[in-house]
Amino acid sequence: MSLDGMVTNAIVDELKNTILGGRIDKIYQYDRNEILINVYNQRKNNRLAISANPSNPRIHLTDHTISNPSTPPMFCMLLRKHLMRGIILNIEQHSTDRIIFIDISSVDDLGQPREKRLAIEIMGRHSNIILLDKETGNIIDSIRRVTHNISRVRQVLPGIGYQYPKTDDKLNPLYLNRKEFYKLLDVANKTTKIYRFFYLNYLGLGPLIGREICFLSGIDSNRPIGSLIPRERESLFTAFISIIDIIKAKKFKPLLIQNPSTDKYQAFYAIDIEQFRGYNKVYVNSISKALDIYYRKN
Numbered sequence: 012m013s014l015d016g017m018v019t020n021a022i023v024d025e026l027k028n029t030i031l032g033g034r035i036d037k038i039y040q041y042d043r044n045e046i047l048i049n050v051y052n053q054r055k056n057n058r059l060a061i062s063a064n065p066s067n068p069r070i071h072l073t074d075h076t077i078s079n080p081s082t083p084p085m086f087c088m089l090l091r092k093h094l095m096r097g098i099i100l101n102i103e104q105h106s107t108d109r110i111i112f113i114d115i116s117s118v119d120d121l122g123q124p125r126e127k128r129l130a131i132e133i134m135g136r137h138s139n140i141i142l143l144d145k146e147t148g149n150i151i152d153s154i155r156r157v158t159h160n161i162s163r164v165r166q167v168l169p170g171i172g173y174q175y176p177k178t179d180d181k182l183n184p185l186y187l188n189r190k191e192f193y194k195l196l197d198v199a200n201k202t203t204k205i206y207r208f209f210y211l212n213y214l215g216l217g218p219l220i221g222r223e224i225c226f227l228s229g230i231d232s233n234r235p236i237g238s239l240i241p242r243e244r245e246s247l248f249t250a251f252i253s254i255i256d257i258i259k260a261k262k263f264k265p266l267l268i269q270n271p272s273t274d275k276y277q278a279f280y281a282i283d284i285e286q287f288r289g290y291n292k293v294y295v296n297s298i299s300k301a302l303d304i305y306y307r308k309n
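Residue numbers (the working numbering): 12 to 309.
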């Protein structure tokens, strides 16, 4: 999946620059997994598309017009009740995970201001859109309820406290340091393919960026960890930290990778990537534009 924690970082940065402080004017749910929120900000209407579709979960701004059902689903009516005319106070990413929180100030039934939190979890088949009471941390409802029969580890149901998804103690790559990196290499399973090492140990990384680190290092990504020599270890660290420095500096350069023989898009990412030799690079002016094109054309 191209939409990893680094892309999520770029999405949050973009949303802060476009809809933070904006007013929620309209909310639609056009199928069982996807909602569209219209946010008026800076004298402009912004459409925020959010999908918990297991096959292609995502969140991004869109220019695409979508037909709406004549009868809104229950979750949509719930969102309208709690969020309509609310002001977006905060947008943040949970660590470097594929989780975005949007905090909204709205008015309750008694006319009193109350903060709500929309949690968007981009987790493949576990993806979800969850409405929380910010003060209590309790779940109001979600687009997909998760009962004990579905998951014994983490339930998502009205009235219970919100729990973060498990991260298996993965490290935040934004705090990358050489000593810790080498230690992880030392204790890693020696048969693990090198590109997998990165997303098995660092939160928010995926196969694409793991292979990119290997490519920039001039190392076959499918080699086992145990075959690395000291010089190659240092090359991997250098490539890794160069990517992290770009992310930390917010030097995003969104692009799509297009297969020249089919015109289909192979991938998208928030920064420039080099591993797709022979493919076309299509640069766009926002990460939302990259996602919007990718998911509409593919």
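Note that CB positions come from ideal geometry on N, CA and C, so glycine has one too.
{"Asked": "Which residue's Cα is closest to the Cα of Q104: T76, G16 and I304?", "Found": "G16"}
{"Asked": "Is E25 helix, strand or coil when you go by DSSP?", "Found": "helix"}
{"Asked": "So which of R244, D152, D120 and R128 has the shortest CA-CA distance to F208?", "Found": "R244"}
{"Asked": "Anyone know if the C-beta pair for I99 and G32 falls short of 8 Å?", "Found": "yes"}
{"Asked": "Taking C-beta to C-beta, are I131 and I70 nearer than 8 Å?", "Found": "yes"}
{"Asked": "Return yes when the Cβ of I240 is within less than 8 Å of the Cβ of I205, no when it is not.", "Found": "no"}
{"Asked": "May I have the straight-line CA-CA distance separating R54 from L219, to the nearest angstrom?", "Found": "38 Å"}
{"Asked": "Whole-angstrom Cβ separation of N270 and Y290, contact assumed at under 8 Å?", "Found": "6 Å"}
{"Asked": "I'd like the ranges of any alpha helix (DSSP H) spanning at least 4 consecutive residues and lying wholly in the region 207–262.", "Found": "218–228 and 241–259"}
{"Asked": "Go ahead and pull the three-state DSSP assignment for N67.", "Found": "coil"}
{"Asked": "Below 8 Å between beta carbons: does that hold for A281 and A21?", "Found": "yes"}
{"Asked": "Counting only the same chain and skipping the five closest in sequence on each side, list residues whose C-beta sits under 6 Å from that of E223.", "Found": "I284 and Q286"}
{"Asked": "Are the Cβ atoms of P65 and I133 separated by less than 8 Å?", "Found": "no"}
{"Asked": "Rank F86, R189, R58 and F263 by C-alpha distance to the C-alpha of I151 and give the top, closest one.", "Found": "F86"}
{"Asked": "Three-state secondary structure (DSSP) at S62?", "Found": "strand"}
{"Asked": "Between which two residues does the alpha helix (DSSP H) holding E191 run?", "Found": "R189 to V198"}
{"Asked": "Given a cut-off of 8 Å on the beta-carbon distance, is the pair R128 and S117 in contact?", "Found": "no"}
{"Asked": "Between the Cα of S81 and those of N296, D42 and R58, spot the shortest distance and give me the residue it belongs to.", "Found": "D42"}
{"Asked": "Over the uninterrupted beta strand (DSSP E) stretch that includes L129, give me the two end residues.", "Found": "P124 to E132"}
{"Asked": "For T73, which of helix, strand or coil comes out of DSSP?", "Found": "strand"}
{"Asked": "Give me the residue from N79, I102, T76 and V50 with the minimum Cα distance to R96.", "Found": "V50"}
{"Asked": "Just to confirm, is the Cβ distance from L216 to D108 under 8 Å?", "Found": "no"}
{"Asked": "Here's the rule I'm using: 16 or more other beta-carbon atoms within 10 Å means buried, otherwise exposed. How should S272 be labelled?", "Found": "exposed"}
{"Asked": "How many Å lie between R156 and I230 at the Cα?", "Found": "44 Å"}
{"Asked": "I'd like to confirm the pairing. Which residues does DSSP put opposite A278 in its beta bridges?", "Found": "I268"}
{"Asked": "Tell me, please, which residues DSSP counts as bridged to S117.", "Found": "R125"}
{"Asked": "Can you name the residues that DSSP bridges to V167?", "Found": "V157"}
{"Asked": "What residue range is occupied by the uninterrupted alpha helix (DSSP H) comprising R96?", "Found": "Run containing R96: none; DSSP gives neither H nor E here."}
{"Asked": "Can the beta-carbon of K3 be found closer than 8 Å to that of N296?", "Found": "The structure shown has nothing for residue 3, since the chain only spans 12 to 309."}
{"Asked": "Bridge partners for F112 per DSSP, in chain order?", "Found": "E103 and A130"}
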